[in-house]
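Trainee:
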Ligand SMILES: *Cc1c(COP(=O)(O)O)cnc(C)c1O
Ligand SMILES: [Zn+2]
């Protein structure tokens, strides 16, 4: 297992603390993925060990070579796959801290402990910070998070503080916080666990592997996901390549990465066949993907190319409308997650996704992560203040 630069192919030992190559390129873990579907299925069905119940470590042969005793697991993953109106929804909001970030964090924090780190840090729009704080608490590490001041939801901030992290509220946007945390980790001997960290990507691959397992390894036509910092887009492509090479699936699903129109650099790049990297000043109601300069750009481009994938954008209105549909189905998700259904609607209307194709939308975060986004949009007749009198009840319900 080595860290390979995806730009110049230089390789580094996996126990070095390093996030990028000397040439500036992103690193990726390469290994031959062993492991068998039957073993994964057996662990899921019959074992009560936490590492087998974990939807990440159940696939450990493809995640990290590690002594089982060193694994820091809640356990996480093992989320449900819902089928509604002919579309599958993999609900990553059912993870321990309410977002898919736990799948990457269990691996990055396990690696941090192996490397002897004392403190870990990230820049975050709220979900990574909550996840980092929870896993740091479990592992006994100091947690430091960099968040754009005033730009993350109250629930995510409170959750991060509750688990005990030190919160640095950076006056600036996410991209400024991201630059700062990279500098801070280099200078202050803190281990960086943003998705630029290749071990995060290894954990997030299991979203795809677990949804394939949920479908009894019968690959869907499309996997649709929100795209912000592009860690997940990177992870999904890698997961599919490895699953195909290992023979777990016999055809490649296509990825559809969906951005908010106000935070769409990857969409702009896609439209020009990724000839140049784009940066934008990001603004969208979907705070989890309010990112203008995504760090995992090059890895994500490879994911789109290798899966014959596409990138689409949706407006805030379209994604909030889709969120309403997902919420009213009794499932619920945070705004960023609803870009998936909004994207499916748009891609079906354009004929890109066929009426009979099998689709899995990945819902990345829990409905309670952003209550403000809900309360700002409640129809007046749905919430009525009354005096404690039966006549008021009757008139409110009329
Ligand atoms: C982090 C996050 C995303 C974006 O994922 P990237 O890997 O940054 O592209 C989307 N939705 C939610 C809820 C998130 O927390
Ligand atoms: Zn390099």
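In the numbering used here, the protein residues as written are 48 to 445.
Heads up, the beta-carbon is just placed ideally off N, CA and C, and yes, glycines get one too.
Since this is a predicted model, take the numbers as computed values, not measurements.
1) Taking DSSP as the reference, what is the three-state secondary structure of residue 196?
2) Compute the minimum distance between the beta carbon of residue 60 and the heavy atoms of ligand 2, and state whether it is under 7 angstroms.
3) Could you give the DSSP three-state label for residue 113: helix, strand or coil?
4) Quick check on this structure: which residue in 427, 434, 260 has the alpha carbon closest to the alpha carbon of residue 88?
5) Between residue 293 and residue 80, which are expected to be in contact by the criterion C-beta below 8 angstroms, what is the C-beta distance as a whole number of angstroms?
6) Indicate the three-state DSSP secondary structure (helix, strand or coil) for residue 360 in the structure shown.
7) Work out the CA separation of residue 233 and residue 416 for me, nearest whole Å.
8) Using DSSP's beta-bridge definition, name the partner residues of residue 67.
9) What I want to know is whether the C-beta of residue 50 ends up closer than 7 angstroms to one or more non-hydrogen atoms of ligand 2.
10) Could you tell me the alpha carbon to alpha carbon distance between residue 91 and residue 105, rounded to whole angstroms?
11) Comparing the CB of residue 174 with every heavy atom of ligand 1, is any distance shorter than 7 angstroms?
12) Comparing alpha-carbon positions, which option in 328, 284, 397 lies nearest residue 340?
13) Which value, in whole angstroms, describes the spacing of the CA atoms of residue 114 and residue 94?
14) Would you say the stretch 145-152 touches the stretch 423-434, given that touching needs at least three Cβ pairs under 8 angstroms?
15) Quick check: the Cα distance between residue 241 and residue 126, rounded to an integer number of angstroms?
16) Under 8 angstroms, with one C-beta from each stretch per pair, do the stretch 345-361 and the stretch 300-310 reach the 3-pair mark?
17) Bridge partners of residue 446, per DSSP?
18) Could you give the first and the last residue of the continuous beta strand (DSSP E) run that contains residue 406?
19) Taking its Cβ as the centre, do 16 or more other Cβ atoms sit within 10 Å of residue 139, making it buried, or is it exposed?
20) Only counting the same chain, and skipping five residues up and downstream in sequence, which positions put a Cβ closer than 7 angstroms to that of residue 60?
21) Select from 265, 271, 311, 272 the residue whose C-alpha is nearest the C-alpha of residue 291.
22) Give the range of the alpha helix (DSSP H) segment to which residue 256 is assigned.
23) Spell out a yes or no on whether the stretch 271-284 and the stretch 244-254 are touching, meaning 3 or more CB-CB pairs, one atom from each, closer than 8 angstroms.
Mentor: Short version:
1) coil
2) no
3) coil
4) 260
5) 5 angstroms
6) strand
7) 31 angstroms
8) 73
9) no
10) 7 angstroms
11) yes
12) 328
13) 18 angstroms
14) no
15) 22 angstroms
16) yes
17) This structure gives no information on residue 446, because the portion of the chain shown stretches from 48 to 445.
18) 406-410
19) buried
20) 49
21) 265
22) 245-261
23) yes
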